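If you count the sequence shown from 1, you need to add 2 to reach my numbering.
Beta carbons: idealized from backbone N, C-alpha and C, even for Gly.
Nothing here was measured: the structure is a model prediction, and the numbers come from that model.
Structure first, then comments.
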Amino acid sequence: MAGDREYFCPLSGDLLDVEAPTPWYSIIHDFEPDIDTFYKNWLGLDVPERVA
């Protein structure tokens, strides 16, 4: 039997989500963050340069 998938915040350690999938069920890509909007509208900062 597959174990539960637990998703934690890497900064605070808070439990964000728990899934109980069947063993063959793959991980789903839930969302794509909008980094540009986050920096410009939420933080009021310029977007950092991307590192290659």
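In whole angstroms, what is the alpha-carbon distance linking residue i and residue j?
| i | j | result |
| --- | --- | --- |
| Asp-38 | Trp-26 | 35 Å |
| Ala-22 | Val-49 | 37 Å |
| Val-53 | Asp-6 | 34 Å |
| Pro-35 | Thr-24 | 27 Å |
| His-31 | Phe-40 | 19 Å |
| Leu-45 | Val-20 | 29 Å |
Can you tell me whether residue i is helix, strand or coil according to DSSP?
| i | result |
| --- | --- |
| Pro-50 | coil |
| Leu-45 | helix |
If I follow the unbroken beta strand (DSSP E) through residue i, where does it start and stop?
| i | result |
| --- | --- |
| Glu-34 | Element bounds for Glu-34: n/a, residue is neither H nor E. |
| Tyr-9 | 7 to 10 |
| Asp-19 | 17 to 21 |
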